[in-house]
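Chemist: Dropping a structure here in structure tokens format, bear with me for questions.
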Ligand SMILES: [Zn+2]
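Structural data, given as structure tokens:
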């Protein structure tokens, strides 16, 4: 079972990334996207959060992967959904007292609201109106529900932080 | 019609389009028959950027149906100047009127506004986005002159910022139409529009060109739009392309006798005045068609059936 490999794989980088007691482990993030994952979650360390990041660690499933561990924070379903935009293969492990008590795969949502800001300066959602941004999730990108702008490669740059 | 609002031509099915155009043809044939169909009906005109023609066309349409209009006036003299949001403006004017027409410089403004109101709202142009009532009068004109099926149409000019072009191209995917898009490299269709056209049409009926020459002889309709000088970084760049996209009598030597030339107007120098007197010219007819088409549209949006649909829609939720 590939999961077993992953566990083995996980054990190896325990050396690099310390175990957490309570919180969330986001595993199988595409190599190089760990900092964007933190940006989506609004974590920049300024609140004193205890965060461990492993970047470009060897993985069986992805050639290279990133791993993010956040002590003392359990991700909500909304946060997990949005992660799928930049980390579609991620697995989310909720940890309590050093035990993984829940394991989720991310599922792309159909709509992402209030998370990304539209890159189109001519879009009504960027004009101080009382509306949240809203994007339809396409197979290979996202599309603003208001102005229709499609974003494919630069989604992480649109994250409202 | 099943829709409460008309925001983009994408929401229109072939059946919707035919219903509106058929109704417009009836009205065109006998305008007096509908002269008091909507007495005591008030249409709110919210034009956040100037557009004399579209505004007057809606105003005429409403008055010819027996109703009246209230007009926000120019942006300079309105509360918008004081920083009121569009969301607030439409919610206030909704309370005065039975339907709204909105022209606004921001893309997506009509979609947003429609989320704040219950009366029917017609998008009369949202930035570089959509202009569906223009599309309906374009389709009406095409149907009268060339028919909507087995149609080969060239759409030429500023395809990047031209909302009338985007709206028309979407609507034409409902018909058996070959669409040829002709523009300078820098003013090609936005990728969003191409994406949609491929989704809706499989891309089968869509081709892009930089010059008119090669496809002109095969066209039934040539839809010309203005290439705006201000889109170009410098005058020289503009001069280089501008001439290529102008239609003169010599251009038409290669065209078929039946070619219909259209333009949403205003034109500057895209079409030589000599063309006006030829059988090819349909642009003034096109502009006149705005009134019966908008009468048909307003009639359908304001009719009891439409109101029943709106109530039904709410009950379902
Ligand atoms: Zn947008």
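Protein chains in written order, with my numbering: chain A, 193 to 353; chain B, -13 to 303. The beta carbon of each residue, even a glycine, is placed where N, CA and C say it ideally should be.
Based on Cα-Cα distance, which residue from B:149, B:206, B:234 lies nearest to residue 250 (chain B)?
Modeler: Out of B:149, B:206, B:234, B:149 has the C-alpha closest to the C-alpha of residue 250 (chain B).
Chemist: Please find out if some non-hydrogen atom of ligand 1 comes closer than 7 Å to the beta-carbon of residue 338 (chain A).
Modeler: Yes, since a heavy atom of ligand 1 falls inside the 7 Å radius drawn around the Cβ of residue 338 (chain A).
Chemist: Tell me, to the nearest whole angstrom, how far the beta carbon of residue 232 (chain A) is from that of residue 351 (chain A); I am working on the premise that it is less than 8 Å.
Modeler: That belief holds up - the Cβ atoms of residue 232 (chain A) and residue 351 (chain A) are roughly 5 Å apart, short of 8 Å.
Chemist: With C-beta atoms as the reference, is residue 123 (chain B) less than 8 Å away from residue 145 (chain B)?
Modeler: Result no, Cβ atoms of residue 123 (chain B) and residue 145 (chain B) do not sit closer than 8 Å.
Chemist: Taking just the CA atoms, how far does residue 117 (chain B) sit from residue 335 (chain A)?
Modeler: If I take the Cα positions, the gap works out to 20 Å.
Chemist: Which one or two residues does DSSP pair with residue 244 (chain A) in a beta bridge?
Modeler: Residue 244 (chain A) is bridged to A:261.
Chemist: Would you say the beta carbon of residue 275 (chain B) is closer than 7 Å to some non-hydrogen atom of ligand 1?
Modeler: No, the beta carbon of residue 275 (chain B) sits no closer than 7 Å to any heavy atom of ligand 1.
Chemist: Return no unless some Cβ of chain B is closer than 8 Å to the Cβ of residue 202 (chain A).
Modeler: Reliability of the predicted coordinates at residue 202 (chain A) is poor, the pLDDT of 47 falling under 50, and no value is obtained from them.
Chemist: Pairs of beta-carbons, one from the segment 212 to 225 of chain A and one from the segment 239 to 258 of chain A, closer than 8 Å: are there three or more?
Modeler: Flag = yes, the segment 212 to 225 of chain A and the segment 239 to 258 of chain A touch.
Chemist: Taking CB distances under 8 Å as the criterion, tell me whether residue 185 (chain B) reaches chain A.
Modeler: Chain A contact via Cβ: absent.
Chemist: Closer than 8 Å, CB to CB, is residue 311 (chain A) near chain B or not?
Modeler: No, residue 311 (chain A) does not count as interfacial toward chain B.
Chemist: Sorted by chain position, which residues of the same chain lie with C-beta nearer than 6 Å to residue 241 (chain A)'s C-beta, five sequence neighbours on each side aside?
Modeler: Around residue 241 (chain A): 235.
Chemist: Any idea what DSSP makes of residue 209 (chain B), helix, strand or coil?
Modeler: Three-state DSSP puts residue 209 (chain B) in a strand.
Chemist: Please classify residue 306 (chain A): is it buried, with 16 or more other beta-carbons within 10 angstroms of its beta-carbon, or exposed?
Modeler: Exposed, because fewer than 16 other Cβ atoms sit within 10 Å of the Cβ of residue 306 (chain A).
Chemist: Do residue 274 (chain B) and residue 247 (chain B) have their C-beta atoms within less than 8 Å of each other?
Modeler: In this structure, residue 247 (chain B) does not lie closer than 8 Å to residue 274 (chain B) by Cβ.
Chemist: Under 6 Å Cβ to Cβ from residue 152 (chain B), same chain only, skipping five residues before and after it: list those, please.
Modeler: So the list reads 179, once near-sequence residues are dropped.
Chemist: Can you list, in chain order, the residues of its chain with a C-beta nearer than 6 Å to that of residue 30 (chain B)? Leave out the 5 residues immediately preceding and following it.
Modeler: 56, 79, 83, 86, listed in sequence order.
Chemist: Between which two residues does the beta strand (DSSP E) holding residue 295 (chain A) run?
Modeler: Looking at the DSSP string, the run of the beta strand (DSSP E) that includes residue 295 (chain A) is 291 to 297.
Chemist: In terms of alpha-carbon separation, which member of B:134, B:185, B:260, B:40 lies closest to residue 277 (chain B)?
Modeler: Residue B:40 is the option with its Cα nearest to residue 277 (chain B).
Chemist: Determine the contact status of residue 256 (chain B) and residue 222 (chain B), defining contact as a CB-CB distance below 8 Å.
Modeler: Not a contact, by the Cβ cut-off of 8 Å.
Chemist: By Cβ distance, which residues of its chain are closer than 6 Å to residue 302 (chain B), with the 5 residues on each side in sequence left out?
Modeler: Caution applies to residue 302 (chain B), whose pLDDT of 37 falls short of 50 and renders its modelled position unreliable; the model cannot decide the point.
Chemist: Looking at ligand 1, does it come within less than 7 Å of residue 312 (chain A), judged from the CB to the closest heavy atom?
Modeler: Residue 312 (chain A) Cβ: within cutoff of ligand 1.
Chemist: Can you list, in chain order, the residues of its chain whose CB lies under 7 Å from that of residue 271 (chain B), leaving out five sequence neighbours each side?
Modeler: 127, listed in sequence order.
Chemist: Checking the sheet assignment: what are the DSSP bridge partners for residue 42 (chain B)?
Modeler: DSSP lists no partner for residue 42 (chain B).
Chemist: Taking 7 Å as the line, does the beta carbon of residue 317 (chain A) fall inside it for any heavy atom of ligand 1?
Modeler: Result yes, Cβ under 7 Å from ligand 1.
Chemist: Straight-line CA distance for residue 283 (chain B) to residue 100 (chain B)?
Modeler: The straight-line gap from Cα to Cα measures roughly 17 Å.
Chemist: I'd like to check one pair, residue 288 (chain B) with residue 245 (chain B): are the Cβ atoms closer than 8 Å?
Modeler: No; because the gap between Cβ atoms is not below 8 Å, this pair is not in contact.
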